[in-house]
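**Q** Residue numbers for the sequence shown follow our numbering, so the first one is 776 and each next one is one higher.
The C-beta atom is built at its ideal place from N, Cα and C for all residues, glycine as well.
Predicted model only: the values in this text are computed from it and were never measured.
Take a look at the following structure, please.
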Amino acid sequence: MPKIQFYRNKCIGCNICYETLPHRWRLSRVDGKSTLVGGVDKKGIYSAQLFPDELDANEFIAQACPVKIIKIVV
Ligand code: SF4
776 MPKIQFYRNK CIGCNICYET LPHRWRLSRV DGKSTLVGGV DKKGIYSAQL FPDELDANEF
836 IAQACPVKII KIVV
């Protein structure tokens, strides 16, 4: 199953991810950065398994993210 990795510290809160896929990405009201729903934190890198039906949308998000902090590992 593909995985997503998210380097959260460098998020600039541009809104692309959470407007594209709100069940997987949310805006934190605490620090204005995106949050990966279901992500597990390991030293600031959040990772989560991706379901096949959300792979395309997350690949789009990874490419569109202006600071390139989302990686898809298949
Ligand atoms: S697309 Fe990238 S920079 Fe924009 S909110 Fe999402 S993770 Fe942050």
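Do you know how far the Cα of V812 is from the Cα of M776?
**A** Straight-line Cα distance between these residues: approximately 17 Å.
**Q** Can you say whether R799 is buried or exposed, counting buried as having 16 or more other CB atoms within 10 angstroms of its CB?
**A** R799 comes out buried.
**Q** Just how far apart, CA to CA, sit K817 and Q824?
**A** Roughly 14 Å between the two C-alpha positions.
**Q** Can we count G788 as close to ligand 1, meaning its CB is less than 7 Å from some heavy atom?
**A** Yes, ligand 1 has a heavy atom inside 7 Å of this Cβ.
**Q** Taking the alpha-carbon of E794 as reference, which of F835, K843, K785 has the nearest alpha-carbon?
**A** Considering only alpha carbons, the answer is F835.
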